[in-house]
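The opening residue of the sequence shown carries number 1167 in the working numbering; numbering runs sequentially from there.
All residues carry an ideal CB built from backbone N, CA and C; glycine is no exception.
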Amino acid sequence: MKNYKEFYKGKSVLVTGGAGAIGSNLTKALVDLEANVIVLDDLSSGQLWNVPSAPNVLFVKGSVLDEVILKRVFFERPQIVFHLAAFFANQNSVDHPERDLMVNGMGTLRMLEYSVFNRVERFVYASSGCAIYGSDMPLPLKEDFITMHLSTPYQITKMLGELYCNFFHHHYELPVVKPRFFNSYGPGEVPGQYRNVIPNFIYWAIKGLPLPITGTGEETRDFTYVGDLVDGLLRAGYFESAIGQSFNLASGQEVRIIDLANMVNELTDNEAGVRFVSRRKWDTKKRLWASIELAKELIGYEPKMPFEEGLKRTVQWFRDNWEKIEASAEFGPGASSAVREMVVRK
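If you want it as structure tokens, here you go:
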């Protein structure tokens, strides 16, 4: 039997959100595995320069809500779909709840419908462990924990996506897999008002600014290197044991935010230190730490990147691509202090 990497050679694979941080890294891995990749991205938050230029990559600019575009990409007959496109981030969804519902709810529904109609062999839905478990969870987080105490529209719609996947799996026998991501980081993600904490910390540190921390800094997160997530996704698209399952893709370790800030400042020679800002109303998680035992059992997932090394590689990627990152950042050099206070998303 082929191993999971040999499996992708010659396969037609659709990656929605393929210009984003995780999607572009997944696309690069699929290119290396000699898959034929269709990338669908509306570039509302992804970067075209993130998408590899290769003979086996077809880039289509468009939204998962646009049925003309969906007909175009499914005309390519994808065998495997990685649905990573999303209206991203908690604060973004609080500010724009209707758009969040349309993209994360209706967009996922459309993708599932087209996948059933076109007899897709595997539908991998990028869920979010940072979202669907809410704030009142026992640690380490395990997949059987269910809560109705969700704090933002993003958390609600990511759970909604899983529920739609369950329906299409049981009613139409669509082979779905629902990996739950935790605090991804690594090369490929530009900073911005609604972005993750690590790219924002690195951006401000390189600029010589103090890093804003919401809360006390004792809060923890389970940071997962993008290369480990990509490995988990490739496994999710291959192993039969993953079908119908939800499982955590994480590092299985927790890192204090104050330690993260100190490490970033040290790696960038930033002497501005940190500053503490007030929490947002929805931001009540004090600790986040996932169990990865189920992913190990189902797909042989094993994260390999040590956190400090992953952080070093991410800082180096920022330095190597600084001009493009500065031009793409979703807050400019003249951003207000109010914007700076919002750059920590946890």
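_So, with DSSP's three-state summary, where would you put V1217?_
If you number the sequence shown from 1, residue 1217 lands on position 51. Look at V1217 here: in three-state DSSP terms it is coil, with no helix or strand label.
*Exposed or buried, what is Q1482 when buried is set at 16 or more other beta-carbons lying within 10 Å of its beta-carbon?*
The count along the sequence shown starts at 1 and reaches residue 1482 at position 316. That one is exposed.
*Given a cut-off of 8 angstroms, decide if K1171 and A1201 are closer than it, judged by their beta-carbon atoms.*
As a position in the sequence shown, residue 1201 is number 35, starting the count at 1. As a position in the sequence shown, residue 1171 is number 5, starting the count at 1. Not in contact: A1201 and K1171 (Cβ atoms no closer than 8 angstroms).
*So which of G1374, Y1320, N1191 has the shortest CA-CA distance to T1434?*
Taking the first residue of the sequence shown as position 1, residue 1434 is located at position 268. Per the Cα distances, G1374.
*Fully enclosed by the stretch 1187-1235, which alpha helix (DSSP H) runs are 4 residues long or longer?*
Counting only runs of 4 or more, we get 1187-1198.
*Which class does N1414 belong to by DSSP, given the choice of helix, strand or coil?*
Walking along the sequence shown from the start, residue 1414 turns up at place 248. In this structure, N1414 counts as strand in the three-state DSSP scheme.
*Classify T1382 as helix, strand or coil using the three-state DSSP reduction.*
Taking the sequence shown and counting its residues from 1, the one referred to as residue 1382 is at position 216. Coil.
*Taking the CB atoms as reference points, tell me whether F1347 and S1294 lie closer together than 8 angstroms.*
Taking the sequence shown and counting its residues from 1, one reaches residue 1347 at position 181. Taking the sequence shown and counting its residues from 1, one reaches residue 1294 at position 128. For F1347 and S1294, yes; Cβs fall inside 8 angstroms.
_By the three-class DSSP mapping on this structure, what secondary structure does T1480 have?_
Counting from one through the sequence shown, the residue named residue 1480 turns up at place 314. Helix, per DSSP.
*Can you tell me whether DSSP reads R1485 as helix, strand or coil?*
Against the sequence shown, residue 1485 aligns to sequence position 319. In the three-state reduction of the DSSP assignment, R1485 falls in the helix class.
*Spatial neighbours of G1300 in its chain, beta-carbon cut-off 6 angstroms, leaving aside the 5 residues before and after*: Numbered from its first residue, the sequence shown carries residue 1300 at position 134. Taken in chain order, the residues that qualify are T1313, H1315, L1316.
*Can you tell me where the beta strand (DSSP E) with V1342 in it begins and where it stops?*
In the sequence shown, counting from the first residue as 1, residue 1342 sits at position 176. Per DSSP, V1342 belongs to the beta strand (DSSP E) from 1342-1347.
*asked:* Along the chain, where does the beta strand (DSSP E) containing I1458 start, and where does it finish?
replied: Taking the first residue of the sequence shown as 1, we reach residue 1458 at position 292. Here I1458 belongs to no beta strand (DSSP E), and DSSP marks it neither H nor E.
*Taking the alpha-carbon positions, what's the V1430 to S1211 distance?*
Your numbering for residue 1430 matches position 264 in the sequence shown. Your numbering for residue 1211 matches position 45 in the sequence shown. Each residue's Cα considered, the two are about 24 angstroms apart.
*With burial defined as no fewer than 16 other Cβ atoms inside 10 Å of the residue's Cβ, what is the status of A1493: buried or exposed?*
In the sequence shown, the residue the question calls residue 1493 occupies position 327. The residue is exposed, with fewer than 16 neighbouring Cβ atoms inside 10 Å.
*asked:* Please list the terminal residues of the continuous alpha helix (DSSP H) segment that includes Y1369.
replied: In the sequence shown, the residue the question calls residue 1369 occupies position 203. Counting along the chain, the alpha helix (DSSP H) containing Y1369 begins and ends at 1363-1372.
*How about V1290 and F1248: are their beta carbons less than 8 angstroms apart?*
Within the sequence shown, residue 1290 is the residue found at index 124, counting from 1. Within the sequence shown, residue 1248 is the residue found at index 82, counting from 1. Yes; because the gap between Cβ atoms is below 8 angstroms, this pair is in contact.
_With the cut-off set at 8 angstroms, would you say S1350 and D1388 are in Cβ contact?_
Position 184 of the sequence shown, counted from the first residue, corresponds to residue 1350. Position 222 of the sequence shown, counted from the first residue, corresponds to residue 1388. No. Outside cutoff.
_Residue from F1497, G1398, V1286, F1241 with nearest C-alpha to L1196_ = Within the sequence shown, numbered from 1, the residue matching residue 1196 stands at position 30. The shortest C-alpha separation from L1196 is found at G1398.
_According to DSSP, residues forming a beta bridge with A1249_ = In the sequence shown, residue 1249 corresponds to position 83, counting from 1. Before going on, a small fix: residue 1249 reads as His here, not Ala. Note: H1249 sits in a beta bridge opposite T1182, Y1291.
*Have a look at P1244, E1233, R1445, R1276 and flag the residue whose alpha-carbon is nearest the alpha-carbon of R1285.*
Your numbering for residue 1285 matches position 119 in the sequence shown. Nearest of P1244, E1233, R1445, R1276 to R1285, Cα basis: P1244.
*Just the C-alpha distance for E1432 and V1440, rounded to the nearest angstrom, thanks.*
In the sequence shown, residue 1432 corresponds to position 266, counting from 1. In the sequence shown, residue 1440 corresponds to position 274, counting from 1. Computed Cα separation, rounded: 12 angstroms.
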